[in-house]
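Undergrad:
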Amino acid sequence: MKEIGEKITRYFRSAVAAQTHTGINFKTDPFYILDSAELINGQIDAEISAKVFSEAIKKNSDEENKLPKNVLNVIISAKTVKTIFDAYEKTQDEVDELTGVYFIPAILHRGGKLTYDKDDKKIPWFPREYLQPMVEPKLSVGYLDDVDQFISNHVDRMEQLKTWSDYVEFFKALYESITGASFEGIEIPNREGEDSPLELENNVYLFIDNTVNSTFHIMNLYNHLLKENKPKALYEQFISNEPSNLRSLIENSTSKMQLHAGQMGGEYSLSPSQREAVNHFNQMKDGEILAVNGPPGTGKTTLLQSIVADLFVKRALLKEKAPLIVATSTNNQAVTNIIASFGNINKVGISNLEERWIEGVQSFATYFPSGQKIKEARNNGFQFTNSRGDNFVTDVETKENLENSMAKLLHCCNTYFGTDYVQLSDCQARLHDELMFFEERKQALLTLCEEADQFECSGKQIDIYFSVLEVEIKNLHKANQDIQVRLKEWHDYYKKIPFFLRWFARRVQTKFRLFMNVEELEFLKDSMKYKEIEDIYSLRYADGNRKFAELTNKQAAIKKWIQRYENELALLSDHGIVLHDDEVALYDIATGKMNDLLDKKIRYVDFWLAVHYFECRWASGEDALTEKQCGTSFKNVLEKFYSRLAMITPCLVMTFFMLPKQFLAYGDQSRFYLYNYIDLLIVDEAGQVSPEIAAGAFSLAKKAVIVGDVYQIEPVWGINRAMDKALALSSKVIKQLNEYEQLEQCGLNGYGSSVMKVAAKSCNYQKYEERGLFLSEHRRCYDEIIDYCNKLVYKGNLEPKRGKGVEHKGRAMKEWPQMGYRQIDSENSSKQGTSRFNRQEASQIAEWLSEHYEHIQAAYPSEAEKNLIGIITPFKAQVRCIQAEIRKRAPNLQSKISVGTVHTFQGAERNIIILSTVYGEKDGCFFIDMNKSLMNVAVSRAKDHFFVFGELQCLKDTPSSASGLLKASVVGKAIN
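Residue numbers (full-length UniProt numbering): 1 to 976.
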């Protein structure tokens, strides 16, 4: 690994190790009460220590995820707000009971000793929500800029921390610098806008650090990367601080389209921008990254399915091993969305081809969940396993299931082909022959399209043009016959002119003028001599003959082309494929239209043929493990394990947190990773993934397709900007702090960046002046709705395809506008802890739903109830408030209507979305305008209607802001 690569690796490892988003919750997480003196002395009671270790062992069911037996990562809430009661009532509405405001990470040893983790460089932190400036005014312990300044000024001191006493001095100094209070004290001085000091608990609280568990496998991979020097082209491309060289976009030419082999869905063809992405994917070499920007409703899932199917079919055609494709993201919602999409492929009705011909396999995706997610995976009906082959793999690999699968394969194959095979090898050979047949037909049809373009049919269908040619040829033939006849008439006429008169030009001209017909006046002159007239007719005759020959040859070529084309159609028909459902369009074979047909007819069939071809190889026992090999992680065993699994489920799905573990092998008395092993790494929702979490996984793959949207919800960064700068400096990625901005430009920073941003830097293509490709055809929302998002963030580059709701005769709710509002007068919202709510607004929403739900349900008779209505609000307190009002006013709707924040609805869609603004007229709308991505996500969830419920005057009047554009979109469109 090059020097800069090693520095970036070390920096990313440090950024992962320093993660502080632990999700500490006093209400749900076990904690242990300490005395503040124990914290300062670095020694806690041995009995408490024993309880902590006992709890850690009990919670940790994953053998490989255990920390060393004698140490445990812990987090200490050193400063916790005291809950004050007066007459049994809390006096601080802003603060939940036991709210930690200053946390100290540490290592706990058996026996109770505390030490500083000098390797991972975790440092104390104040929760961001308690540092000013704040989204909403609430309890404040200091200023974010002061924290950043302190860390920036103490990088050297952080590097020199060795003993616990060094660490104590450091975390005391940080606390006192930010709060202006003594660490030994039990209050924080009052801040601006606060009437009294903030009182603190005397006790200190200790938690087990679950961050270590979640990033355990990522850390292990980074540790190994720092020791391993084997080239890893994809990883090196990802962590390069230089943008990739730009190439010209690849045109949708026939030669490029011929490379597209498989399609997972048969209902719809690819859109132009999806096809563009597939064509670029087919030009990728190992070590390359393709970034695809996919706004909401532009078919990201279809694209990913197409890429998987394409690679799967190609391997089947070549009789190679099934491709190892891993789809990943950070959050389980994104991952399970992938799994669900690969398990719900809509069928178009091609005999029994669209069924699995083996037993026990229902989906094209296999899930690799963490131990904590197994129950959820089982409840959702997912196929799930791990690198040991537990659960799904164990079930399908039983002798009984294999025997049943072989019998089913033979039966299904014979049913489909009308054969009577008794050997699985015959089925496998027939399936491959059929694949090759359709591949040849696809190539032939696209070649015919390319040839047809050369005929220059003047925009007409080729059969119609053939008929036009026939008429033109007849007309030319007749014209040449007429020339011969007319030339003979001229010759006879000239001969009749007396010889002596021919010497007198004027007399001859008079004669010629009298003999000329009307048509000849256009190309003959009466001043011409007979020889000149004869020459002109001779040239016209020769030109006619040339054109006649050209058109005759062209007609013959087209006739031959039509014969070849009809022969291809007949061959397809013999194999059960009717290419053209519309006989009128039989010869309408423009390349784009032909590709659409191939997607739905041939490429789709090819995918299913490849599925059954690989099923045969699997059932035949290819790469089968012995009983002794099952459950082990030797390199040759893992390679066989993944080879077999890829035959029956072409997509393996897991989070970045689990991915490294699945490719950790054992051999030569040591553990090592299968670098450059995964054929294709797919990252979905890449705009929500922080680079340091994902980077290591790229070392395990050959090439990567990154799909996401930088205008969706951002990642949850585990460190703040100041800490990130300090880590970059200490890892020597930058030489001085002012170089950090250069790191930010290429996206290789642990705070404020995403995998989508890094992928754009690493991609060789650019569209609409931004790195990466762009899916532009939007089909989810009515045009009036997506127009908001197009103006807000997408610079008009989205192409609405659904049409305007107001013009759609089949729309469900004709009485309501697509974007509208319901005014709910309100001066101020209320506060609950650190959140906001508006009970009047919640009450009116519940009342409106109670009045209109049956009408809405009747308008969508075939739609699942859960897909009808979603309510989005900026605040969790309002979520609870709306849910409470629905329970009170319309209890029958509780389970039918989703209520949540924008983050809850990421990746979802509803027919109707209601936005509860919460803010009153005098509140402003800071949260709505804070981040345009939030409103982009909120609005683009709505397919048919987006309604704003609340005080419209809280929204700004400036159209350049998110709230101002929203106001302009709904004003004048009140709903009843």
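Cβ coordinates follow ideal geometry from the N, Cα and C atoms, glycine included.
1) Report the partner residues of ILE871 according to the DSSP bridge assignment.
2) Quick one: using the 10 Å Cβ neighbour count with 16 as the cut-off for buried, is ILE76 buried or exposed?
3) With C-beta atoms as the reference, is SER271 less than 8 Å away from GLY299?
4) With the cut-off set at 8 Å, would you say ASP929 and SER963 are in Cβ contact?
5) Check the DSSP bridge columns for PHE949 and list the partner residues they point to.
6) Give a yes or no on contact between the stretch 674-692 and the stretch 304-321, applying the rule of three or more CB pairs nearer than 8 Å.
7) Go through its chain and collect everything with a Cβ distance to VAL710's Cβ below 6 Å, but skip five positions before and after it.
8) Going by Cα to Cα distance, which pick from ILE562, GLN372, GLY343 is closest to GLU451?
9) Would GLU627 be called buried (16 or more neighbouring beta carbons within 10 Å of its own) or exposed?
10) Ordered along the chain, which non-local residues of its own chain (more than five positions away) have a Cβ less than 8 Å from that of ALA176?
11) In chain order, what residues of the same chain have a beta carbon less than 8 Å from the beta carbon of PRO660, not counting five sequence neighbours either side?
12) Could you tell me whether the stretch 228-240 touches the stretch 4-16, where touching means 3 or more Cβ pairs closer than 8 Å?
13) On the three-state DSSP scale, how would you describe ASN293?
14) Starting from the N-terminal side, write out each stretch of the beta strand (DSSP E) that is 3 residues or longer and does not extend beyond the stretch 674-742.
15) Which of the three DSSP states is assigned to ILE8 in this structure?
16) As a quick exercise: from LEU737, ASN293, TRP125, LEU551, pick the residue whose alpha carbon is nearest that of TYR768.
17) Roughly how many whole angstroms lie between the Cα atoms of LEU114 and ILE186?
18) From MET158 to ASP117, what distance separates their C-alpha atoms?
19) Just the C-alpha distance for ALA46 and PHE53, rounded to the nearest angstrom, thanks.
20) Excluding the five sequence neighbours on either side, which residues of its own chain have a C-beta within less than 7 Å of the C-beta of LEU748, listed in chain order?
21) First and last residue of the beta strand (DSSP E) that includes VAL71?
22) With ALA610 and GLY262 assumed to form a contact (beta carbons below 8 Å), what rounded beta-carbon distance in angstroms separates them?
23) Does DSSP put ASP957 in a helix, in a strand, or in coil?
24) Look at the alpha carbon of ARG128 and the alpha carbon of GLU777, and state the distance between them as a whole number of angstroms.
25) Alpha carbon to alpha carbon, how far is ILE40 from PHE774? Give it in angstroms, no decimals.
26) Taking a contact to mean a Cβ-Cβ separation below 8 Å, would you say LEU108 touches VAL71 in this structure?
27) If you draw a straight line from the C-alpha of THR336 to the C-alpha of LEU161, how long is it?
28) Short check: CB of ALA665 to CB of VAL155, under 8 Å?
29) Would you tell me roughly how many angstroms separate the C-alpha atoms of SER306 and PHE417, rounded to the nearest one?
30) Across which residues does DSSP place SER405 in a beta bridge pair?
31) Give a yes or no on contact between the stretch 349-363 and the stretch 404-423, applying the rule of three or more CB pairs nearer than 8 Å.
32) How close, in whole Å, do the beta carbons of GLY142 and PHE126 come, if the pair is a contact with beta carbons under 8 Å?
33) Going along the chain, which residues of its own chain have a beta-carbon closer than 7 Å to the beta-carbon of LYS973, five neighbours each way excluded?
34) Please give me, in chain order, every unbroken run of the alpha helix (DSSP H) with length at least 4 that falls completely inside the stretch 163-191.
35) Do the CB positions of SER916 and GLN878 come within less than 8 Å of each other?
36) Would you give the residue range spanned by the alpha helix (DSSP H) that VAL278 belongs to?
TA: Straight from the coordinates:
1) In DSSP, ILE871 forms a bridge with VAL899, ILE914.
2) Only buried fits ILE76, as 16 or more other CB atoms lie within 10 angstroms of its CB.
3) Taking 8 Å as the cut-off, the Cβ atoms of SER271 and GLY299 count as close.
4) In contact: ASP929 and SER963 (Cβ atoms closer than 8 Å).
5) Looking at the DSSP assignment, PHE949 forms a beta bridge with ARG822, SER916.
6) Short answer: they touch.
7) Excluding its 5 nearest sequence neighbours in each direction, VAL710 has C-beta neighbours in its own chain below 6 Å: GLY687, MET756, listed in chain order.
8) Ranked by Cα distance from GLU451, the first of ILE562, GLN372, GLY343 is ILE562.
9) Exposed.
10) Looking at the sequence itself, residue 176 is Glu, so the reference to Ala does not match. Once the five neighbours on either side are set aside, the close Cβ partners of GLU176 are SER182, PHE183.
11) The beta carbon of PRO660 lies closer than 8 Å to those of HIS217, ILE218, ASN220, LEU221, TYR673, GLY696, ALA697, LEU700 in the same chain, with the five residues before and after it left out.
12) Enough Cβ pairs lie closer than 8 Å, so yes.
13) The answer is strand: DSSP assigns ASN293 an E or B state.
14) Segments of the beta strand (DSSP E) lying fully in the stretch 674-742: 680-683, 704-708.
15) In the structure shown, ILE8 sits in a helix (DSSP, three-state: H, G or I).
16) Closest option to TYR768, Cα to Cα, is ASN293.
17) Roughly 23 Å separates the two Cα atoms.
18) Roughly 11 Å separates the two Cα atoms.
19) Just so you know, the alpha carbons of ALA46 and PHE53 end up roughly 11 Å apart.
20) Excluding sequence neighbours, LEU748 sits near ILE8, ILE239, ASN241, PRO691, VAL758.
21) Residues 71-81.
22) The beta-carbon distance between ALA610 and GLY262, rounded to whole angstroms, is 6 Å. This is short enough to meet the 8 Å contact definition.
23) Look at ASP957 here: in three-state DSSP terms it is coil, with no helix or strand label.
24) Note on geometry: alpha-carbon atoms of ARG128 and GLU777 lie some 39 Å from one another.
25) Going from the Cα of PHE774 to the Cα of ILE40 covers about 55 Å.
26) Yes, they are a contact pair.
27) Roughly 42 Å separates the two Cα atoms.
28) No; because the gap between Cβ atoms is not below 8 Å, this pair is not in contact.
29) Between SER306 and PHE417, the alpha-carbon positions lie close to 26 Å from each other.
30) Answer is none; SER405 lacks a bridge partner.
31) Three or more beta-carbon pairs drawn from the stretch 349-363 and the stretch 404-423 are found closer than 8 Å, and the two stretches are therefore classed as touching.
32) Indeed, because the Cβ distance is near 6 Å, the residues count as touching under 8 Å.
33) PRO817, MET819, GLY820, TYR821, listed in sequence order.
34) As far as the stretch 163-191 is concerned, its whole alpha helix (DSSP H) runs of at least 4 residues are 164-179.
35) The answer is yes: Cβ separation under 8 Å.
36) Boundaries of the alpha helix (DSSP H) harbouring VAL278: 272-281, taken from the DSSP string.
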